[in-house]
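> Throughout the sequence shown, residue numbering follows mature numbering (1 follows the signal peptide of the UniProt record, and there is no 0), covering -25 to -1, 1 to 93 in sequence.
Quick reminder that beta carbons are idealized off the backbone N, C-alpha and C, glycines included.
Predicted, not measured: the structure shown is a model, and the values here were computed from it.
The structure that follows is given in the form of structure tokens.
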Amino acid sequence: MGSFFIFRIFLLFFFFFLFFNGAYAASSKLWSIREMADMAGYGEDKISSVVISGSLLCNTAVSGATVAIKCHTGLKKSSKWIKAVTDDFGEFVIHLPSHLHAIPHLEKSCFHQTNTCA
């Protein structure tokens, strides 16, 4: 009984090392830190963007006015104003930072402020 048990253990280890000798682990995809960061959206390539554009008009287009947007993230820390300046036609474009993209109901969580028209 003892030699048969040793023989079974030997066969078990033999087939284990024959089929699982590390080739299986090497053949599976192992990602680098850079590749994982790119997949998560933290790489150089943006996977999403939120752009707010508009025009500031009083009686005519207002150029050089400051337009600011602030979004509430739901966290206790205060949000910062994201600012843009209107061009000659009163148009502005604001790119929201990536940490604001996941806010539920973004259009209801953000508000804007402009210079008053004179």
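1) Give me the Cα-Cα distance between Asp13 and Ser7, rounded to the nearest whole angstrom.
2) By DSSP, does Leu32 sit in helix, in strand, or in coil?
3) Who are the near neighbours of Ser28 in its chain, counting only those whose CB is closer than 8 Å to its CB and skipping five residues on each side?
4) Does the Cβ of Leu31 have 16 or more other Cβ atoms within 10 Å, making it buried, or fewer, making it exposed?
5) Counting only the same chain and skipping the five closest in sequence on each side, list residues whose C-beta sits under 8 Å from that of Ser62.
6) Once the 5 residues before and after Ala59 are set aside, which same chain residues still bring their CB inside 6 Å of it?
7) Where does Cys33 land, buried or exposed, given buried means 16+ other C-beta within 10 angstroms?
8) Looking at the structure shown, is Lys83 part of a helix, part of a strand, or coil, going by DSSP?
9) Tell me which residue opens and which closes the beta strand (DSSP E) that Ile78 is part of.
10) So which of Ser(-23), Trp56, Gln88 and Leu50 has the shortest CA-CA distance to Ala77?
11) So, are the CB atoms of Phe64 and Ala36 less than 9 Å apart?
12) Does the separation of the CB atoms of Val25 and Leu81 fall below 9 Å?
In brief:
1) 10 Å
2) strand
3) Glu66, Phe67, Val68 and Ile69
4) buried
5) Note that residue 62 corresponds to Asp in the displayed sequence, not to Ser. The residues are Ser38.
6) Val42, Phe67 and Ile69
7) exposed
8) helix
9) Element bounds for Ile78: n/a, residue is neither H nor E.
10) Leu50
11) yes
12) yes
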